[in-house]
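Per our numbering, numbering of the sequence shown is gapless, rising by one per residue and ending at 988.
In what follows, a structure is listed as structure tokens, so that the remarks can point back to it.
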Amino acid sequence: MVAAFATGHTITYTGRIKPTLVLGYTLIFAGLISLSFMSGGLPTYVYAWFVALPMIGQGFSFPTVSIAQLAVTSIEDMAVATSTLMLFRNLGVIMGVSFSSLVAQNSLLYYLMRLVDGPDKMKVISDVRKAVETVKELPPIYQQQVIQAYSLAMRVTFMQGIVTAGLALSLVIFIRLPRLTEKFEQPPPAE
């Protein structure tokens, strides 16, 4: 909320859209890199910042995209453009969650099959895939193997996010957006 509030004030003060857009996507990208390469033993507040960075980035980028869309759209097309932006934003959320879940589940199965070793291997794998709470009830040897598999699976999932965020950032860097003042300085159309 603070980032979105700051975005509105920054764009209003400067009349420029692109800086907050690039900042937002840079924070998302940096946050996903941080999450991908985090390791155990760090203070709790560091983990909180790793999770907060992409969320702050969204706070900068989401309102900026909406403002940019309004800045480049004619009044006649504003309703269609706004509803289309909302449609694609929602589709992006659905596709993003679906794809990252696919990556997480498949990489988890891969790492569980590779790392879990013991006489009850298949039962342990089946149980921990059904409910993560069962990890606490496992014998210590299985518990460490499963935790390592989950850790690696989450790392792969965040790395997939790095690729997506990197692509989005590279597109945003090269986009040309008008200053807000340019839209309002144009003479009204002649009738």
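Virtual Cβ for every residue (Gly too), placed ideally from N, Cα, C.
A quick note: this is a predicted structure, and the numbers were derived from the prediction, not measured.
Determine the contact status of residue i and residue j, defining contact as a CB-CB distance below 8 Å.
i, j, result
"Ile959", "Leu829", "yes"
"Leu974", "Ala878", "no"
"Tyr947", "Val913", "no"
"Leu966", "Thr823", "yes"
"Phe857", "Leu820", "yes"
"Ala950", "Leu884", "no"
"Ile922", "Leu935", "no"
Considering residue i, what are the terminal residues of the alpha helix (DSSP H) in which it resides?
i, result
"Gly856", "841–868"
"Leu882", "875–912"
"Arg952", "937–970"
"Arg926", "918–927"
"Ile932", "First, the residue type needs correcting, since residue 932 is Val and not Ile in the sequence shown. Premise fails: Val932 is in no alpha helix (DSSP H) and is neither H nor E."
Would residue i be called buried (16 or more neighbouring beta carbons within 10 Å of its own) or exposed?
i, result
"Ala845", "exposed"
"Ser898", "exposed"
"Pro937", "exposed"
Put residue i into one of helix, strand or coil per three-state DSSP.
i, result
"Ser836", "coil"
"Leu820", "helix"
"Gly812", "coil"
"Ser871", "coil"
"Gly915", "coil"
"Leu977", "helix"
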